[in-house]
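The structure appears right after this line, and notes come after that.
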């Protein structure tokens with residue numbers, strides 16, 4: 028039983044049943060998506076907010092995470108491209124608005 032129904036895991040082979048070409052293609056597509064997400068987590072961890080113990084006020088945690096997400100999105104070029112804004116809305120990534128207010132995109 029899955030705890031998170033939307034979670035996807037790679038398909039595995041056994042000695043009696045090797046992976047088909049379709050299973051290998053599915054695993055490849057899944058690994059491409061997973062690597063993108065893991066690279067974003069690595070960028071967030073460079074700010075040492077998640078990788079170490081957070082020692083500041085709890086109520087500022089969300090603000091700082093939004094600022095870090097805005098910096099990372101800006102570095103990735105999300106600021107200028109419309110396609111990336113649609114991508115960010117799809118995957119619920121935080122964006123800095125042109126009015127310089129930080130808010131979460133509503134779907």
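Numbering (the numbering used here), first residue to last: 28 to 134.
Quick reminder that beta carbons are idealized off the backbone N, C-alpha and C, glycines included.
For clarity, every value in this text was computed on a predicted model and none was experimentally measured.
Requested in this report: Closer than 6 Å by C-beta to residue 124: which residues in its own chain qualify, once you throw out the five before and the five after it? Chain order, please.
Outcome: Residue placement at residue 124 is flagged as unreliable, the pLDDT there being 46, under the threshold of 50; the coordinate-derived value follows with that caveat. Nothing listed; no residue qualifies.
Query raised in the report: Taking buried to mean at least 16 other C-beta atoms within 10 Å of its own C-beta, is residue 100 buried or exposed?
Result: buried
Query raised in the report: Mind checking whether residue 76 and residue 61 have CB atoms under 9 Å apart?
Result: no
Report task. Tell whether a beta-carbon distance below 9 Å holds between residue 53 and residue 37. Result -> yes
Report task. Would you mind giving the Cβ-Cβ distance between residue 95 and residue 74, rounded to the nearest angstrom? I have them listed as a contact below 8 Å. Result -> 5 Å
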